[in-house]
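Enquirer:
Residue numbers (my numbering): 313 to 630.
#1: Contact check, residue 422 vs residue 457 under 8 angstroms by CB: the rounded distance?
#2: Could you give the distance in angstroms between the alpha-carbon of residue 350 and the alpha-carbon of residue 344?
#3: Which value, in whole angstroms, describes the spacing of the CA atoms of residue 407 and residue 388?
#4: What three-state label does DSSP hand residue 595 in the structure shown?
#5: Check the DSSP bridge columns for residue 405 and list the partner residues they point to.
#6: Round the Cβ separation of residue 453 and residue 428 to the nearest angstrom and send it over; I've been treating them as touching at under 8 angstroms.
#7: Give me the DSSP bridge partner(s) of residue 341.
#8: So what does DSSP say about residue 549, is it helix, strand or coil?
#9: With C-beta atoms as the reference, is residue 485 less than 8 angstroms away from residue 499?
#10: In whole angstroms, what separates the C-alpha of residue 325 from that of residue 331?
#11: Does residue 557 come out as helix, strand or coil in the three-state DSSP assignment?
#12: Given a cut-off of 8 angstroms on the beta-carbon distance, is the pair residue 509 and residue 455 in contact?
#13: Within 10 angstroms of its Cβ, does residue 569 collect 16 or more other Cβ (buried), or is it exposed?
#14: Within 10 angstroms of its Cβ, does residue 385 collect 16 or more other Cβ (buried), or is it exposed?
#15: Is the beta carbon of residue 409 less than 8 angstroms from the beta carbon of residue 611?
#16: Does DSSP put residue 498 in a helix, in a strand, or in coil?
#17: Taking the alpha carbon of residue 586 as the point to measure from, which residue in 546, 392, 609, 561 has its own alpha carbon closest?
#18: Name the DSSP bridge partner or partners of residue 438?
#19: Report yes if the C-beta distance between residue 362 and residue 374 is below 8 angstroms; otherwise report no.
#20: How about the segment 429-440 and the segment 509-520: do they share at least three Cβ pairs that are nearer than 8 angstroms?
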């Protein structure tokens, strides 16, 4: 018998779905929607758990001596893949595919806020100032370059197209066509489409090919009035170089939900860089929209059935 620890904010009815899907297994429910909830896991639960669904800090994995499988509620599981963190033989799956709507909407919200000068108008509101700041932008007729053609990238591409974007290009491993994109380029050839793009939106994982991708040279390759967005991993952008480029008047703006380093230190110049809009990794994160929770549950239920029947798991990372 497996002992399954559920660390999702499940209602009683939703808990019953998991019990029905695995009626012969032991289910332990600790409804939580953030990282702090994992601290409340009783020690005897840790000792019994063989399947973990949700999040615990990577350093805590060693407190689960019988663990067989971790189903993370994160799409990115880089900290779990550091050598020595995941106990030997433990299977790891991520939640890729669950966050497309949430993260893409956040990217779009940041883009429109920059286009419509909303941060500047909020500054004026706080200063009790009534003044027209002039020209604003629209997505209609724009060229968009999306780094990453997976779930988040496809959702963002669809939103841009719905608002009238003329061309949506994608960056991924190869130049093979990708659903929802007019044209795709290998990530290694980013310099070709970069100068054409009015909007560059990144939803990339952290790896050797993406770390430092947007360095000072590539930031300056972008159109002077382009917008840069990032909701993948902060390491894709040199944030010190970005603060300098923004301060020099290059780029219409930058919307970042992730930074490098993260959290961004209080004295980092990017905090005060002109036209920078920063949120603290909350686009997907633990502020789960109901649609995200629904997709997480569907993924967890499907993978649970696969695990118990010996079938290959979806989004397996190790």
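Beta carbons are placed, not taken as given, at the ideal position from N, Cα and C, and that holds for glycine.
Expert: According to the structure shown:
#1: With 8 angstroms as the limit, residue 422 and residue 457 do not qualify as a contact, their Cβ atoms being about 16 angstroms apart.
#2: 8 angstroms
#3: 8 angstroms
#4: coil
#5: 383, 628
#6: Not really, about 16 angstroms apart at Cβ, beyond 8 angstroms.
#7: Answer is 318.
#8: strand
#9: yes
#10: 10 angstroms
#11: Assigned with DSSP and collapsed to three states, residue 557 falls in helix.
#12: yes
#13: buried
#14: buried
#15: yes
#16: strand
#17: 561
#18: Residue 438 is not bridged to any residue.
#19: no
#20: no
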